[in-house]
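Below is one structure, written out as structure tokens; the observations come after it.
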Amino acid sequence: MHTVPGVEGFMYPNEMELQWSIMIVLYPYLTGLVAGAFILASLERVFNVAAVKPTYRLALLTALAFMLIAPLPLQLHLGHPERSFEMFLTPHRTSAMAMFGFVYLWYLLAVLVIEIWLEFRPHIVAQAQTASGLLRPLYRVLTLGSYNVSPRALEIDDRVGRFVTVIGIPSAFLLHGYVGFIFGSVKANPWWSTPLMPVVFLFSAIVSGIAAVLLIYLVYCKLAKIPIDMPCVDSMAKYLYYAFLVDFSLEMLDLIHRIYVADESFRSLDFMVNTKLYGSQVVGQIGLGTLLPIALLALTQLVSLSIRARKRLYVAAGILTLVGIFLMRWNVVIGGQLFSKSFLGYTSYKMGFATREGLLPALIVMVLPLLVLWVLVRLFPPMEEQRPAPH
Amino acid sequence: MSLDRRQFLVDGTMFILLTGAATRAWPFIEQGRPQDAPGYDTASHWWAMFIDVEKCIGCGRCVDACKVENDVPPEPYYFRTWVERYTIPPVDPEDATAHQLPIVDSPNGGRDGFPAEPPIEGAKSFFVPKMCNHCADSPCTQVCPVGATFQGPDGVVLVDKTYCVGCRYCVQACPYGCRFLDPRTNTADKCTLCYHRITKGLTTACCEVCPTQARVLGNLRNPDDPIHQLLREHKVHVLKPDLATGAKLYYNGLDGAVR
Amino acid sequence: MAQVLRDAEHLVRLALLFLAGGLFFLGIRAFLVPAGFGEFGHFRTGALQDIRDRPLHFAGRDSCGEADCHEDVAAELANDSHARVGCESCHGALAAHAADPEIAEAAAVDELDLCSRCHASNPARPASFTQQVEIEPHREESPCSECHPAHEPSS
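Chains A, B and C are the protein sequences, given in the same order.
Sequence positions in the first sequence follow the numbering used here and run 1191 to 1581.
Sequence positions in the second sequence follow the numbering used here and run 426 to 684.
Sequence positions in the third sequence follow the numbering used here and run 521 to 675.
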């Protein structure tokens, strides 16, 4: 009955090919890491959680690195990336995607770049006067021509920076909540259409961001031969644990609601989860990606363990978390396109390898932010100097 | 004088001097296409289509004609219109509680007709032509980030191929599966209601070749259009009414099982 | 006051940089937004005309029977059961032929395939469509048009 391989049952003819690929899985994944890393940074700055202070600058740089690369999967996906600027020229106000372009720009420029610039100004000014080679003109440009790093100037910087962080928190919520809304507002797709979607996306972003900064911090300290501040790591793990509990509760709420209400779409979606998405959702996202890291983190919270044991558990939990949140994005984006809107059939996702939206560019996109981060930490060393007290 | 101010004065003067219809023609005259303004007045048209399921014989001429008229890619997963065959299994008295799903097929969109062999014997079966519903509250135009897809002033939902960025958000937002990405232009594509024909007094390609007049083009703004009588005399349905898309594809005889 | 300004000078420069960027964006926007955008809605007005300019492939049944072309066929059809079947429904797209009868000949029609498409017995067709038959035992090896001339099938 089906002429196209990979289709079971009935799909509307135009539905057989998936429109949104792994690139559209990566995009919310990367922006989620941005939002999550920033919220971790803001814990110290605004909520005065002194324990995580050592990761403040690293978290900001991580957010920037991912934010610079996140538009890349989008550009690889668009049929006409050379026209993507149209979203800024003639944004359609009813389109969440168009409005998101401005939210992204706002967050990048008005929050992240300003906050990092203010934080690193003393370093920039110093380097502008002493750096060698090509780096010197770079730093000089970044000073914007002002070399004033007097205590009064730095105090002003600190006040402004705090203000930027305060507006940055709702901006980060908006950043990733919006991505959730892009999916959650599509009434045509019952897998996506739920008011919970922005909240689920946001909390899974926080979870993935904290896990990423935790792992990056451990790796950075090891490579830079800096002693690890264990109370800081313990604190991050604690926040990861709490965020995970909220995230898991939200996802379970969505699931339980669907099962209980059992509307027309439920039969088709249930079948899909138990067959096509079983590996990625039940085993991967829920099992290995959520329950297991929660259990490992719970262990560290409830039982007194040695530093070495805790570090290993944190690393394991962190890696599982990052994989799990990636699978969550996968299950939302790809899963939402595997079933027919007639509720009578399913198709398959055929991912190429060396094609524009294939596995190879996807892997490159996943690695690039780490390379960018590597460059950023060399330009703006996160651990070199302590910030002048008081805050 | 700045460009905006000058433009305002020109527009204002024109509005005062010309009639409303001529003012509407002015943009075309400005863009060097005065021949297109008279003869077709968007303001007197609000396009819709009536499809009578009880007349469709599943010959597939409509699917073929659309692909020819509109240069649609020939592969079996790009269709501006297609025909589905629904086969509803009867309730088995010996197993009355069993939940039966309809069996639906659309081989190559119905372009080559349908095999005479039914999927199961003795079941109720019928054909359902599908196409863009040209929704009045279209979810696809709502989500377009740049304004490349839109509903024109005469009710036809169209795509501007020179402006579309190919994000496929509209494809995701359409509840009826009537959109696709044209692989040759990397832009969104869908039924245009043969806009290039209906604005010249012709009918759509699919209506033109339908041998049983199962498809009838209609202009809701014309009080004498036959569609008003059709809507009055039949029990009319639209697809997925719970999504309140304002669909203007009106079906007669649509079984409740049809999605 | 001067001291505050000196200490906040870098912030003023930053603000000016942002302002300059914003103005630059608004400036180039005037050049980059296509002409006629937003006149009738959030779209480029010229798109309506672009779509109207698409070429025609089907001429429409009205143009076949006019002006010394196929009036005789039109007359035959009008009195019989294929009266409301469009010419191009069987003969394919013929706008090129209607524009220049010399250049494009009407496409030859494979009878058996074409007639079967509508008239082969198929349980999914509506019961009110009585013109269905099991083609093979019915035609007894003869071509369909032997008993049912295409333009006057009931005769």
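Ideal placement from N, C-alpha and C gives every residue a C-beta, glycine not left out.
For C/Val629, no alpha helix (DSSP H) run applies, since DSSP gives it neither H nor E. For A/Pro1341, DSSP records no beta bridge to any residue.
With contact defined as three or more Cβ pairs closer than 8 Å, the region 603–621 of chain C and the region 577–586 of chain C are in contact.
Distance between A/Asn1521 and A/Arg1546, taken at the CA atoms: about 21 Å. Residue state for A/Met1201 is assigned as coil, using DSSP reduced to three classes. Sorting A/Met1573, A/Thr1355, A/Val1315 by C-alpha distance to the C-alpha of A/Leu1332 places A/Val1315 at the top. Neighbourhood of C/His577 in chain B, by CB distance below 9 Å: Ala490, Val493, Glu494, Asn495, Asp496, Ala630, in chain order.
Listed in chain order, the positions of the region 1533–1556 of chain A with a beta carbon within less than 7 Å of a beta carbon of chain B are Phe1533, Leu1534. Under DSSP, A/Tyr1536 takes part in a beta bridge, and its partners are A/Glu1198, A/Phe1529.
Between B/Arg593 and chain C, the shortest Cβ-Cβ separation is not below 7 Å. Counting only residues of its own chain and dropping the five nearest sequence neighbours on each side, A/Glu1309 has a CB closer than 7 Å to the CB of Arg1247, Leu1250, Gly1351.
Interface criterion not met: the Cβ of C/Gly547 is under 7 Å from no Cβ in chain B. Of the other Cβ atoms in all chains shown, fewer than 16 fall within 10 Å of the Cβ of A/Lys1412; this residue is therefore exposed. Annotation: B/Glu509 to B/Lys660 spans about 21 Å, alpha carbon to alpha carbon. Only buried fits A/Ser1375, as 16 or more other CB atoms lie within 10 angstroms of its CB. Per DSSP, the unbroken beta strand (DSSP E) holding B/Gly643 starts and ends at 640–644. Under the criterion of beta carbons closer than 8 Å, A/Met1206 and A/Thr1537 qualify as touching, at roughly 5 Å.
Taking 7 Å as the cut-off, the Cβ atoms of B/Trp472 and B/Gly580 count as close. By the Cβ test, the region 626–642 of chain B is not in contact with the region 1284–1297 of chain A, since fewer than three Cβ pairs between them sit closer than 8 Å.
The beta-bridge partner set that DSSP reports for B/Leu606 consists of B/Ala613. Between A/Tyr1202 and chain B, the shortest Cβ-Cβ separation is below 7 Å. According to the DSSP secondary-structure assignment, A/Tyr1219 is paired through a beta bridge with no residue.
Under the three-state reduction of DSSP, B/Tyr675 is assigned to strand. Distances from the alpha-carbon of B/Arg536 to those of B/Cys589, B/Cys491, B/Tyr594 put B/Cys491 closest.
In its chain, beyond the 5 residues on either side, Ile1314, Leu1332 have a beta carbon closer than 8 Å to the beta carbon of A/Trp1307.
Look at B/Gln576: its C-beta is not under 7 Å from any C-beta on chain A.
Out of C/Ser675, C/Leu632, C/Ser648, C/Gln651, the CA that lies nearest to the CA of C/Glu660 is found in C/Leu632. When Cβ pairs closer than 8 Å are counted between the two stretches, the region 1251–1262 of chain A is seen not to touch the region 582–601 of chain B, the count staying below three. Taking the Cα positions, A/Leu1334 is about 26 Å away from A/Leu1561. Under a 10 Å Cβ-count criterion, C/Ser665 is classified as exposed, with fewer than 16 other Cβ atoms of the shown protein chains found around its own Cβ. For C/Asp570, no Cβ of chain A is located within less than 7 Å of the residue's own Cβ.
Residue contact check for B/Gly483 against chain A: no CB pair falls below 7 Å. By the neighbour-count criterion, in which 16 or more other beta carbons inside 10 Å mark a residue as buried, A/Tyr1450 falls on the exposed side. In the three-state scheme derived from DSSP, where H, G and I count as helix and E and B as strand, B/Pro554 is classed as strand. Taking a 10 Å sphere around the C-beta of B/Asp614, we find 16 or more other C-beta atoms and assign the residue as buried. Around the beta carbon of C/Ala670, 16 or more other beta carbons lie within 10 angstroms, which makes this residue buried.
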